[in-house]
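Below: one structure, written as structure tokens.
Numbering (the working numbering), first residue to last: 342 to 451.
Encoded structure:
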């Protein structure tokens with residue numbers, strides 16, 4: 342196993358995850374700016390409650406998706422290169438799925 346390949350795979354996964362997580366910061370800034378300008382969410386009352394519960398279910402479903410991704414991509418492969426590629430992909434998929442509740446929160450607000 343070449344250390345350079347391992348380092349490249351780690352950096353690719355870390356940069357991808359950092360970019361995805363950076364989206365959470367962007368969503369927070371956008372929501373706070375809109376709230377500061379007096380923006381009111383379009384859904385009020387019972388419609389807002391129904392949307393919240395639907396999006397809560399979407400956020401909870403991310404846990405099942407994470408488990409399925411781990412089953413599909415995790416584990417040892419035939420060669421070390423394939424294992425590194427699968428684990429790198431799994432790291433990026435996990436970061437993207439962790440973003441799902443943040444996007445749901447932005448949808449509730451907007």
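Ideal placement from N, C-alpha and C gives every residue a C-beta, glycine not left out.
Considering only the alpha carbon of each residue, which of 384, 343 and 362 lies closest to residue 434? 362
Report the rounded CA-to-CA distance for residue 355 versus residue 437, giving the unit in angstroms. 12 Å
Buried or exposed by the 16-neighbour rule on C-beta atoms within 10 Å, applied to residue 425: Residue 425 is buried by the Cβ-count criterion.
Is DSSP giving residue 378 helix, strand or coil here? Coil at residue 378, not helix or strand.
Is the segment 405-418 touching the segment 365-382, taking contact as three or more C-beta pairs under 8 Å? With the cut-off at 8 Å, the segment 405-418 and the segment 365-382 do not touch.
Would you mind giving the Cβ-Cβ distance between residue 441 and residue 377, rounded to the nearest angstrom? I have them listed as a contact below 8 Å. With a Cβ gap of about 26 Å, residue 441 and residue 377 do not count as contacting.
Leaving out five residues before and five after residue 407 in sequence, what residues of the same chain have Cβ atoms less than 7 Å from its Cβ? 435 and 438
Sub-7 Å separation of residue 381 and residue 449 beta-carbons: no
Below 7 Å CB to CB, which residues in the same chain sit around residue 391 once its five sequence neighbours on both sides are set aside? Excluding sequence positions up to five before and after residue 391, its CB lies less than 7 Å from no other CB in the same chain.
For residue 443, the nearest candidate out of 350, 347 and 371 (CA to CA): The candidate whose alpha carbon is nearest that of residue 443 is 371.
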